[in-house]
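Here the sequence shown stands for residues 415 to 804, numbered as in the numbering used here.
Taking it in order: structure first as structure tokens, then the write-up.
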Amino acid sequence: MTELAQQPLTEEELVGAVAHDVAADPFPVRGMDHVRFRVGNARQAAHWYASAFGMQVVAYRGPETGSRDAVEYVLTSGRARFVLTAEAHAGTEIGEHVRRHGDGVHDLALEVPDVDAAVAYARSHGASVLVEPHDVHDESGTVRLAALATYGETRHTLVDRSRYGGVFLPGFAPATPTFQAKPAHHPKRYFQAIDHCVGNVELGRMDEWVGFYNRAMGFTNMKEFVGDDIATEYSSLMSKVVTNGNHRVKFPLNEPSQGRRKSQIDEYLEFYGGPGVQHIALATGDIVGSVRAMREMGVEFLETPDSYYDTLPELVGEVRHPVEVLRELKIQADRDEDGYLLQIFTKPVQDRPTVFFELIERHGSLGFGKNNFKALFEAIEREQAKRGNL
């Protein structure tokens, strides 16, 4: 494999989006609006994501802006948007959520063209509506919001910001950049969009939640991995992927299956305290540059054995980067009938062995790296063993 010249990827290519007839969609979704994390210390978490993930802090809400219960920072990288929320004083539901789960994802928010129509459709098909449709205003306009319940304590806030020109949502103020800027030799962005968000659910509940997305949100099934697809000597899991019409939003759902030892899904469910978001895949147009930069800033990635790369050229053919570079950085590659992808996974990014991230660079492939599953899960099991949880 040799280094290949490449034109910048379009946003559709970055996330594997497809053409879609919105008029025929019962629950149209424009894409991911934001991912909201609940954390123990939003200021410190914002500093870490700004420095280690190269994100830009763009908005803030807290006591200084009239928010008495919560402190929140909004960070962006291209179209990817994270919101970090912590309690401003003891005794809030935010703090209770962090006590139960540790730092983790609370909300996978979706941008929709019509909040009321989406809620009406979901409600009529059995969804639990947590927050009824309502408007929030400020001098920059109006945002319409609602929220639906999904697995565990995870929710989907539905956002229509078509009448809003502010920095994020009413109540947020533009943030003055006070966190560490990226080194000059680093890429402008380490990633440009959210590719997919993976949820872990209890044994026997995966099909229930797949059915929820099919029925209540009009999502369709995209991929299915069962049995030996995701299995090692010690453990296995089952996974199905649901996606919206344009494939900008993809939600793989995992459940554990019986194995000789505790699977990574069992470990997650134990330490998170129930079902929740396991990892977030971030789409990049230059995974090599991103991994080099993030390693330099202290991000730890899972290790792939050198032997994986010995037969990689025969398995995936020619890709953008030489195999020696992929081996050096422990980046994996996979090819399917549509093209190929490059991917790598971080270690958990908080004290509990729960949430982690994936970097993914797509070149036509609409898949998830099926041929890398065994190597990936063996790497995760090595980390489990170090923690005494295998």
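Heads up, the beta-carbon is just placed ideally off N, CA and C, and yes, glycines get one too.
Only a predicted model underlies this, so the values are computations on that prediction, with no experimental measurement involved.
In the structure shown, N614 falls within a strand segment according to DSSP collapsed to helix, strand and coil.
For F715, the three-state secondary structure derived from DSSP is strand. V769 and P762 have their C-alpha atoms some 5 Å from each other. Of the residues assessed, E567 falls on the buried side of the cut-off, its CB having 16 or more other CB atoms within 10 angstroms.
Contact between L667 and G613 holds: CB atoms are separated by about 5 Å, below the 8 Å threshold.
D517 sits buried, since 16 or more C-beta atoms from the chains shown fall within 10 Å of its C-beta. When the alpha-carbon of R801 is set against those of V443, G625, Q692, P767, the nearest one is in P767. Counting other Cβ atoms within 10 Å of its Cβ, D609 reaches 16 or more and is therefore classed as buried.
In the structure shown, the three-state DSSP call for T768 is coil. Per DSSP, reduced to three states, the secondary structure at F626 is helical. The beta carbon of E525 sits closer than 6 Å to the beta carbons of R444, G445, D447, V573 from its chain, once the five residues preceding and following it are set aside; these are given in chain order. DSSP places K784 in the helix class (H, G or I) of the three-state scheme. When the alpha-carbon of A534 is set against those of H434, P547, A523, the nearest one is in P547. Pairwise C-beta distances place the region 594-602 in contact with the region 703-717, as three or more of them are shorter than 8 Å.
When secondary structure is reduced to three states using DSSP, D517 falls in the coil class, being assigned neither helix nor strand.
The three-state secondary structure of V512, taken from DSSP, is helix. Counting along the chain, V497 sits inside the beta strand (DSSP E) bounded by residues 494-501.
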